[in-house]
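**Student:** The sequence shown begins at 395 in the working numbering and counts up one residue at a time. Note that beta-carbon positions come from the ideal geometry of N, C-alpha and C, so glycine has one too. Below is one structure. I have some questions about it.
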Amino acid sequence: MNYKNIPFGDFEKFNVIIEIPKGSENKYEYDEKLDAVKLQWVFKKGFGFPFDYGFIPQTLAEDNDEVDVFVIAEHSFYPNIVVECKPIGMIDVLDRGEKDNKIIAIPLADPDYSKYESLNDLFFDYKKVFKDFFKELGIQKDKKIEITGFSDKTAAIEYIKESLEKPQ
395 MNYKNIPFGD
405 FEKFNVIIEI
415 PKGSENKYEY
425 DEKLDAVKLQ
435 WVFKKGFGFP
445 FDYGFIPQTL
455 AEDNDEVDVF
465 VIAEHSFYPN
475 IVVECKPIGM
485 IDVLDRGEKD
495 NKIIAIPLAD
505 PDYSKYESLN
515 DLFFDYKKVF
525 KDFFKELGIQ
535 KDKKIEITGF
545 SDKTAAIEYI
555 KESLEKPQ
């Protein structure tokens with residue numbers, strides 16, 4: 395699948411390409427040279443992703459990859475599928491001192507979750523879930539990952555806008 399041909403969408407309905415399904419103990423990442431999703435890392439001790447994880451096509455973040463997204467849904471999605479999402483917030487992350495924010499989004503096709511408009515609408519302690527995840531991720535990958543805060547939907551949209559303005 396050539397991800398370069400998948401459009402961004404708009405700020406209230408953008409495309410996310412799923413790389414890692416919810417619960418996966420494997421870290422996959424799109425490899426542009428192979429034009430495929432490649433296994434990058436296998437986690438230990440039953441550690442897995444709390445939600446589906448992917449990226450927004452046609453964007454470019456500070457780490458020179460596409461903007462990363464956690465997709466919050468009841469069920470997991472298969473890798474390599476496109477999910478139309480809307481943002482509800484953002485995790486402000488420093489990965490080895492470099493900005494590496496993560497958008498938190500909701501799939502529009504999910505009738506229960508698509509009603510959510512903000513992080514405050516989530517029925518679980520999202521701060522604890524993400525802090526625990528990134529703490530263990532840092533341990534497993536032997537690197538410093540720090541959550542510096544959580545931002546609202548407006549900040550998430552602004553971050554996405556900035557990523558679209560960068561030359562690809």
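1. Less than 8 Å between the beta carbons of residue 447 and residue 414, yes or no?
2. Roughly how many angstroms separate the alpha carbons of residue 377 and residue 408, rounded to a whole number?
3. Compute the distance between the beta-carbons of residue 437 and residue 464, then report whether it is under 8 Å.
4. When DSSP builds the beta bridges, which residues end up paired with residue 491?
5. Can you have a look at residue 439 and say buried or exposed, based on whether 16 or more other CB atoms are within 10 angstroms of its CB?
6. Helix, strand or coil: how does DSSP classify residue 400 here?
7. Less than 7 Å between C-beta atoms, sequence neighbours within five positions excluded: which residues of the same chain meet that for residue 467?
8. Whose C-beta lies closer than 7 Å to the C-beta of residue 434 among residues of the same chain, with five residues either side of it excluded?
9. Expressed to the nearest angstrom, what Euclidean distance is found between the alpha-carbon atoms of residue 405 and residue 481?
10. Could you tell me the distance, in whole angstroms, from the CA atom of residue 488 to the CA atom of residue 542?
**Tutor:** From the atom records:
1. Cβ atoms of residue 447 and residue 414: closer than 8 Å.
2. Coverage of the chain is limited to positions 395 through 562, which leaves residue 377 absent and any answer about it impossible.
3. No; because the gap between Cβ atoms is not below 8 Å, this pair is not in contact.
4. According to DSSP, residue 491 bridges with nothing at all.
5. Classification for residue 439: exposed.
6. Residue state, collapsed to three classes: coil.
7. Excluding positions up to five away in sequence, the list reads 446, 501, 504 and 507.
8. Here the set comprises 421, 422 and 423.
9. Each residue's alpha carbon lies about 8 Å from the other.
10. Taking C-alpha positions only, residue 488 is separated from residue 542 by approximately 7 Å.
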